[in-house]
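Residue numbers (my numbering), protein chains in the order written: chain A, 6 to 286; chain B, 197 to 509.
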């Protein structure tokens with residue numbers, strides 16, 4: 006990947022993270038940890054990979070995105086705002102009564118949301134349905150879905166995985182945001198979904214495991230996934246929960262806790278500093 | 197007019213989706229390894245390219261249906277009522293109904309008339325589950341011809357519909373190929389001012405036999421066929437309560453959460469009237485031949501007749 010392009014994606018990811026902090030701080034609730042771990046993936050999808058048009062959010066040949074781990078919508082909303090689907094001001098009313106941005110993605114009211122989601126495991130099935138429709142209609146759009154590693158404990162994920170493999174949905178690319186933490190503790194202590202790669206391989210997926218914060222690796226994985234024929238793809242992105250805000254990193258407590266005023270200032274200061282560094286690179 | 201046919205509503209449904217396939221090219225049909233039983237197999241045979249067997253995974257099937265609907269398809273997702281409304285309840289609620297997607301959820305083998313398979317497969321709670329979901333339309337057609345009209349009505353309506361069907365073959369009474377009904381409008385099948393029987397699904401033909409027999413005995417019972425349980429035709433129910441005083445509801449479903457309670461809810465707010473609810477009395481079913489089971493649980497013409505007489509005594 007070219008240096009300038011990578012720099013831009015890093016800047017976008019940093020801005021997405023700032024929106025996560027802005028949104029959850031103003032909501033006094035929400036899920037910063039998993040939003041921050043997936044921010045580099047959001048940046049890549051919305052600023053490099055997907056064929057989308059914020060001015061025509063429903064265009065028929067667009068690539069589709071499903072946030073199966075719907076609670077991480079502060080990150081998705083921030084990416085959509087950054088991409089121009091709606092104003093950044095909207096992020097400040099996240100989760101407020103009467104506001105557009107619901108606590109979990111709502112396709113009826115939010116431009117750029119292709120599927121309502123939030124009940125874990127369900128987004129993967131919906132993504133399969135969207136991919137299948139593309140096959141039936143002989144359209145060449147691609148379908149991306151991000152799910153959590155904790156989410157893999159839901160049986161429906163594996164029903165969907167079996168379906169995707171069986172139906173040879175090679176227009177479907179799942180991304181596991183493998184940050185290793187869930188509400189009750191480490192993913193390994195709570196539910197034990199590992200070995201994730203072997204499981205998906207057994208369900209007839211093309212499997213790649215990457216560093217989910219390394220844009221060269223992300224780029225290589227997504228470009229490879231597009232070349233896979235006759236089977237769906239999964240990219241297991243090893244990430245750090247809370248990535249980019251040092252006091253939130255690898256802290257399970259930041260799964261579903263909003264920053265207070267002091268923490269908000271500290272997080273924004275750190276991200277602003279990072280942004281300045283990136284822009285100076 | 198058309199001839200009387202003896203068919204299960206699942207069979208009529210299978211025929212209807214096949215017949216409407218060309219008119220509705222967006223229609224696709226999903227099943228969870230029960231195509232031979234739900235009768236989606238009839239569609240599969242005619243249009244294999246538009247049929248998706250999802251395997252024994254109803255939760256995923258409902259999610260796939262949601263994704264297809266979000267992409268412009270009109271999916272019929274079929275399984276036994278126990279599984280499409282029961283096992284996949286939360287998928288129906290969150291992936292289909294919350295975004296108001298155009299999925300037709302089909303629950304065949306509803307009620308105790310499933311027969312020998314017994315309680316695990318007799319869906320007596322599906323209406324209650326589906327009624328509780330905002331915006332869900334519930335259709336429970338009463339015979340072959342009404343089922344065909346219901347499938348068309350479900351296609352013409354844009355949004356989630358739960359179509360409740362039975363597995364037991366029985367004689368049709370709406371013997372008309374052009375039979376049409378209006379979604380949400382009850383049908384008065386028999387006039388009378390002594391009492392009103394409100395029935396749905398398989399129970400309508402039993403109730404029809406009962407009111408005809410009562411008529412011969414000088415008891416003038418009104419019979420209303422409620423094919424659309426939600427939205428309920430409140431106006432027709434309230435009118436019947438005003439004009440006939442008492443109501444008896446009959447359904448092949450738990451008396452909790454089904455037609456009976458829907459009728460009670462409609463009346464208590466506008467015109468409180470005594471209601472006797474006939475159905476499964478908050479109990480599980482049992483294995484046995486379907487017709488014997490229906491008699492055992494009092495879901496038959498003879499018992500409807502007896503309950504009417506007792507109510508008027």
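Ideal Cβ positions, reconstructed from N, Cα and C, are used throughout, including at glycine. The model shown is predicted, which means the values in this text are computed figures rather than measured ones.
query: Give the residues of chain B in contact with residue 124 of chain A, contact being defined as C-beta atoms less than 7 Å apart.; result: 286 and 290
query: Using the DSSP secondary-structure output, state which residues sit across from residue 243 of chain A in a beta bridge.; result: A/183 and A/216
query: So is residue 57 of chain A in contact with chain B if we call contact Cβ pairs under 8 Å?; result: no
query: Counting contacts by CB-CB distance shorter than 8 Å, is residue 156 of chain A in contact with chain B?; result: no
query: Using a 10 Å radius around the Cβ and a threshold of 16 neighbouring Cβ atoms, would you call residue 265 of chain A buried or exposed?; result: exposed
query: I'd like to know if the segment 204–211 of chain B and the segment 338–349 of chain B are in contact, where contact means that at least 3 CB-CB pairs between them fall below 8 Å.; result: yes
query: So, is the C-beta of residue 70 of chain A closer than 8 Å to a C-beta in chain B?; result: no
query: Quick one, are the C-beta atoms of residue 260 of chain B and residue 130 of chain A less than 8 Å apart?; result: yes
query: Assuming residue 249 of chain B is part of the beta strand (DSSP E), what are its boundary residues?; result: 247–249
query: Along the chain, where does the beta strand (DSSP E) that runs through residue 197 of chain A open and close?; result: Counting along the chain, residue 197 of chain A falls outside any beta strand (DSSP E), and DSSP gives it neither H nor E.
query: Any idea what DSSP makes of residue 476 of chain B, helix, strand or coil?; result: strand
query: Using 10 angstroms around the beta-carbon of residue 66 of chain A, count the other beta-carbons present and answer buried if the total reaches 16, otherwise exposed.; result: exposed
query: Can you find the residues in the same chain that come closer than 6 Å, C-beta to C-beta, to residue 449 of chain B, ignoring five residues on each side of it along the sequence?; result: 320, 323 and 475
query: Consult DSSP for residue 289 of chain A and reduce its assignment to one of helix, strand or coil.; result: Residue 289 of chain A is absent from the structure shown; chain A starts at 6 and stops at 286.
query: Which same chain residues end up closer than 6 Å to residue 386 of chain B when comparing Cβ atoms and leaving out the 5 residues on each side of it in sequence?; result: 407 and 419
query: Are any of the Cβ atoms in chain B nearer than 8 Å to that of residue 135 of chain A?; result: yes
query: Just the chain A side, please: which residues come within less than 7 Å of residue 269 of chain B by C-beta, in chain order?; result: 138
query: Judging by CA-CA distance, which residue of B/317, B/494 and B/480 is the nearest neighbour of residue 447 of chain B?; result: B/494
query: Is it the case that the segment 397–407 of chain B contacts the segment 332–340 of chain B, given that we only count it when at least three CB pairs across the two stretches are under 8 Å?; result: yes
query: Which term fits residue 421 of chain B, buried or exposed, when burial requires 16 or more other beta carbons within 10 angstroms of its beta carbon?; result: buried
query: Closer than 7 Å by beta-carbon distance: list the chain C residues that pair up with residue 164 of chain A, in chain order.; result: Going by chain labels, chain C is absent from the structure shown, which instead holds the protein chains A and B.
query: On the criterion of 16 or more Cβ atoms from any shown chain inside 10 Å, does residue 391 of chain B qualify as buried, or is it exposed?; result: buried
query: Might you give, ordered along the chain, the residues of its own chain that have their beta carbon closer than 6 Å to the beta carbon of residue 327 of chain B, omitting 5 neighbours on each side?; result: 426
query: Between residue 293 of chain B and residue 356 of chain B, how many whole angstroms is the CB-CB distance? I'm expecting something under 8 Å.; result: 5 Å
query: What residue range does the beta strand (DSSP E) around residue 148 of chain A cover?; result: 148–153
query: Can you pull the chain A residues whose beta carbon is under 8 Å from the beta carbon of residue 250 of chain B, in chain order?; result: 168
query: Does the beta carbon of residue 183 of chain A sit closer than 8 Å to a beta carbon anywhere in chain B?; result: no
query: For chain B, find out if any of its Cβ atoms is closer than 8 Å to the Cβ of residue 131 of chain A; answer yes or no.; result: yes
query: With 8 Å as the C-beta to C-beta threshold (strictly closer), list the residues of the segment 292–320 of chain B near chain A in chain order.; result: 294, 295 and 296
query: Comparing alpha-carbon positions, which option in A/40, A/26, A/52 and A/29 lies nearest residue 223 of chain A?; result: A/52
query: Within this structure, are the beta carbons of residue 154 of chain A and residue 181 of chain A separated by less than 8 Å?; result: yes
query: Measuring straight from C-alpha to C-alpha, what distance separates residue 198 of chain A and residue 107 of chain A?; result: 29 Å
query: Taking all protein chains shown into account, do 16 or more other C-beta atoms lie within 10 angstroms of the C-beta of residue 179 of chain A, making it buried, or fewer, making it exposed?; result: buried
query: Quick one: what does DSSP say residue 53 of chain A is sitting in, helix, strand or coil?; result: helix
query: Count the C-beta pairs between the segment 246–258 of chain B and the segment 370–386 of chain B that are closer than 8 Å, then say yes if the count reaches three, no if not.; result: no
query: Decide yes or no for the touch test of the segment 272–286 of chain B against the segment 108–116 of chain A: beta carbon pairs closer than 8 Å, at least 3 of them.; result: no
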